[in-house]
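Under the UniProt record's numbering, the residues of the sequence shown are numbered 1 to 253, in order. Read the structure below first, then the notes.
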Amino acid sequence: MSLGQHLVELRKRLMIAAAALIVGMVVAFFITDWVIWLITEPIRVIAEQSGDQAKVELMFSTITSGFDLRLRMSFAIGLLISAPIWLWQIWAFIMPGLTKKEVRYTVGFLAAAIPLFFAGAYVGLLTMPHIVEIMNTFVPEGGASFYDAGYYYDFVFKLLIVVGVAFVLPVFLVALNFAGVMSGKAILKSWRIAVLVAVVFAALATPAADVVSMLLLAGILVVLFFAAAGLSMIFDRRKAKREDELLASGDTA
1 MSLGQHLVEL
11 RKRLMIAAAA
21 LIVGMVVAFF
31 ITDWVIWLIT
41 EPIRVIAEQS
51 GDQAKVELMF
61 STITSGFDLR
71 LRMSFAIGLL
81 ISAPIWLWQI
91 WAFIMPGLTK
101 KEVRYTVGFL
111 AAAIPLFFAG
121 AYVGLLTMPH
131 IVEIMNTFVP
141 EGGASFYDAG
151 YYYDFVFKLL
161 IVVGVAFVLP
171 VFLVALNFAG
181 VMSGKAILKS
191 WRIAVLVAVV
201 FAALATPAAD
211 VVSMLLLAGI
221 LVVLFFAAAG
231 LSMIFDRRKA
241 KREDELLASG
251 DTA
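Shown next, in the form of structure tokens:
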């Protein structure tokens, strides 16, 4: 294809992806009530524990803040709903330029990365109520907890994204092994650094007072690291075995 044909193809793919995103946003707008109810569960728990609903509330500080929040949520959820379509458009655009081996590896990495990301986001969703409840314990006696809706949503959204991305990092280690940048043994030798990074990341992603969530998140990240190191070592052994077989067949010839 010429450069002009590539640009026409790219425009076509972008228009399909944009249309899918708009449809996803429209659908998402109608489920924002359920999502808001889900992520504000910790606020209701805190209100019940305090015994005074007026002192624990989700606050919308401006006239348009309610609409703004729903619009932002619609974009994020719509992006998620339309992901199969826009991911396919990206894949369909770059796939003709890849070799069969590269296509196979890319599909394998995506098949591992996507479930891991959603698993990480789910873990973040499970730990989020714990974090909110722990942080509320530092409100002094007689104080009130008014959670700004926009800030609260940003906190939840960023937490899910950060934890989700952290779960995908082991896939990149395996990718580096496939590319020949790092061997499985080299990855495994860095386990002390990996454990330290996992603990520091978990400490930053969770409140200092929430030790249980920190240890849970750090433990999962460490397990994923060792799984990536183990897979890389298996791949290295298979690669070495194939090379030995090629050398043996060459000597025989």
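A virtual CB, placed ideally from N, CA and C, is assigned to each residue, including glycine.
Taking 8 Å as the threshold (C-beta atoms), are V23 and I74 in contact?
Note on residue identity: the sequence assigns Ser, not Ile, to residue 74. Taking 8 Å as the Cβ cut-off, S74 and V23 do not qualify as a contacting pair.
Considering only their Cβ atoms, is the gap separating L116 from V195 smaller than 8 Å?
no
Between the segment 137-153 and the segment 99-116, are three or more C-beta pairs nearer than 8 Å?
no
Identify which residue in P96, A227, S50 and D154 has its Cα closest to the Cα of E141.
S50
Can you have a look at Y153 and say buried or exposed, based on whether 16 or more other CB atoms are within 10 angstroms of its CB?
buried
In the segment 128-209, which residue ranges form an unbroken beta strand (DSSP E) of at least 3 residues, counting only runs that do not cross its ends?
145-148
How many Å lie between V156 and L247 at the Cα?
55 Å
Alpha carbons only, please: which of T99, W91, T32 and L87 is nearest the one belonging to D68?
T32
Would P129 and P42 be called neighbours here (beta carbons separated by less than 8 Å)?
yes
Only counting runs of 3 or more residues, tell me where the beta strand (DSSP E) segments fall wholly within the segment 47-106, in order along the chain.
56-59
If you draw a straight line from the alpha carbon of Q89 to that of V103, how long is it in whole angstroms?
15 Å
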